[in-house]
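S.K.: Handing you a structure now.
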Amino acid sequence: MSSTPASKLSAVQEESTQAFNSATMPEHISLDKWADNGFEWAGEVAPTSFERLATQLTTEHEQSTLRIQANLYHRNNVLHLAFELVGDVWLICQRCLQPIAIDLTDDYDIALLDDDSQIRMVDESQDYLILDEITSNQTPERLLPFKKLIEDEILLKAPMAPKHDDCDMAVDQVGEIPEEENENPFAALAALKGKLPE
24 MSSTPASKLS
34 AVQEESTQAF
44 NSATMPEHIS
54 LDKWADNGFE
64 WAGEVAPTSF
74 ERLATQLTTE
84 HEQSTLRIQA
94 NLYHRNNVLH
104 LAFELVGDVW
114 LICQRCLQPI
124 AIDLTDDYDI
134 ALLDDDSQIR
144 MVDESQDYLI
154 LDEITSNQTP
164 ERLLPFKKLI
174 EDEILLKAPM
184 APKHDDCDMA
194 VDQVGEIPEE
204 ENENPFAALA
214 ALKGKLPE
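With our numbering applied, the sequence shown covers 24 to 221.
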């Protein structure tokens with residue numbers, strides 16, 4: 024997926040875009056406030072700050088922070104959330120049960136559509152979400168769940184069953200493995216032959 028980095032924004036857009044560089048990642052972005060003007064955020068985030076991701080992280084290896092640079096922008100009258108993520112997380116190998124580093128570095132771009140009618144305005148390969156399905160109805164303003172959307176993309180990028188390429192499955196064998204007997208499935212029928220009344 025490709026993003027539109029801040030360097031590609033026009034000078035006018037750069038002036039009207041609000042930029043934030045903070046250690047605290049915002050949970051939500053007010054679309055009523057920032058959708059038209061643009062919004063940027065850059066910072067470093069601990070993987071453990073994402074609740075769902077934290078349940079998959081190993082505690083046997085120190086987790087490094089993830090660098091994220093994100094922005095809201097318009098293209099062809101469609102709102103997009105684009106972000107670049109740099110870093111990795113340590114999960115548990117499902118074969119040897121030892122820590123394994125998973126690289127999450129990538130560019131992400133999600134089209135945020137007002138309704139189904141805008142689907143025709145984006146490429147078939149473009150990831151998109153319908154705003155009514157993801158914005159909160161609890162408040163008077165439309166809030167984009169910024170942190171949750173980024174966590175969703177991280178969870179999609181991370182493998183469900185991470186494995187080292189060169190490790191063997193940890194198996195504790197007790198005793199000898201019995202040899203399988205190849206029994207003829209018709210042997211039982213042959214034994215019954217002659218015993219059944221005709």
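Even for Gly, the Cβ is constructed at its ideal location relative to N, Cα and C.
How would you call Asn44, buried or exposed, if buried means at least 16 neighbouring beta carbons within 10 angstroms?
M.R.: Because Asn44 carries a pLDDT of 46, less than 50, the predicted location of this residue cannot be relied on, and no value is offered for it.
S.K.: State the start and end residues of the unbroken alpha helix (DSSP H) segment that holds Ala77.
M.R.: Segment Glu74 to Ala77, the alpha helix (DSSP H) holding Ala77.
S.K.: Per DSSP, Phe169 forms a beta bridge with which residues?
M.R.: Answer is none; Phe169 lacks a bridge partner.
S.K.: Which of helix, strand or coil does DSSP assign to Ala34?
M.R.: Because Ala34 sits at a pLDDT of 37, beneath the cut-off of 50, its placement in the model cannot be relied upon, and the following sentence gives the value as read from the coordinates. In the structure shown, Ala34 sits in a helix (DSSP, three-state: H, G or I).
S.K.: Here's the rule: buried if 16 or more other CB atoms are within 10 angstroms of the residue's CB, otherwise exposed. What is Asp132?
M.R.: Buried, because 16 or more other Cβ atoms sit within 10 Å of the Cβ of Asp132.
S.K.: Kindly list the residues whose CB is nearer than 8 Å to the CB of Glu67, restricted to its own chain and excluding five residues on each side of it in sequence; keep chain order.
M.R.: Counting only Cβ-Cβ distances below 8 Å, and skipping sequence neighbours, we find Ala46, Thr88, Leu89, Arg90 and Ile91.
S.K.: Where does Glu156 fall in DSSP's three states?
M.R.: Residue state, collapsed to three classes: helix.
S.K.: Buried or exposed: Ala93, going by 16 or more other Cβ atoms within 10 Å of its Cβ?
M.R.: When all chains shown are included, Ala93 counts as buried.
S.K.: At the level of alpha carbons, what is the spacing between Leu178 and Ile125?
M.R.: Between Leu178 and Ile125, the C-alpha separation is close to 11 Å.
S.K.: Is Leu54 helix, strand or coil when you go by DSSP?
M.R.: Looking at Leu54 - three-state DSSP - the assignment turns out to be helix.
S.K.: Over what stretch of residues does the beta strand (DSSP E) that includes Val145 continue unbroken?
M.R.: Run containing Val145: none; DSSP gives neither H nor E here.
S.K.: Is any heavy atom of the ligand ADP found at a distance shorter than 7 Å from the C-beta of Ile173?
M.R.: As far as ligands go, the structure on display features none, and thus does not contain the ligand ADP.
S.K.: Taking a contact to mean a Cβ-Cβ separation below 8 Å, would you say Ser97 touches Ala134 in this structure?
M.R.: For clarity, residue 97 is His in the given sequence; the question names Ser instead. Result no, Cβ atoms of His97 and Ala134 do not sit closer than 8 Å.
S.K.: Assign Ala184 to one of two classes, buried (16 or more other C-beta atoms within 10 Å of its C-beta) or exposed (fewer than that).
M.R.: It counts as exposed.
S.K.: Please name the residue in Asp130, Asp155, Asp129 and Asp175 whose C-alpha comes closest to that of Ser140.
M.R.: Taking only the C-alpha atoms, the option nearest Ser140 is Asp155.
S.K.: DSSP on Asp175, reduced to helix/strand/coil?
M.R.: Of the three classes helix, strand and coil, the one that applies to Asp175 here is helix, per DSSP.
S.K.: Under the rule that 16 or more other beta-carbon atoms within 10 Å means buried, what is Ser39, buried or exposed?
M.R.: Low local confidence applies: a pLDDT of 39 at Ser39 is under 50, so the model's placement there is unreliable, and no value is given.
S.K.: Could you tell me the alpha carbon to alpha carbon distance between Val145 and Asp129, rounded to whole angstroms?
M.R.: If I take the Cα positions, the gap works out to 21 Å.
S.K.: Suppose the cutoff is 6 Å on Cβ atoms and the five residues either side in sequence are ignored; what does the same chain contact list for Ala69 look like?
M.R.: The residues are Thr88.
S.K.: Taking 8 Å as the cut-off, does the stretch 163 to 170 touch the stretch 48 to 58 (at least 3 CB pairs, one atom from each stretch)?
M.R.: The stretch 48 to 58, when compared against the stretch 163 to 170, does touch it at the 8 Å Cβ threshold.
S.K.: Is it buried or exposed, Leu120, if we count other Cβ atoms within 10 angstroms and call 16 or more buried?
M.R.: Exposed, by the Cβ-count rule.
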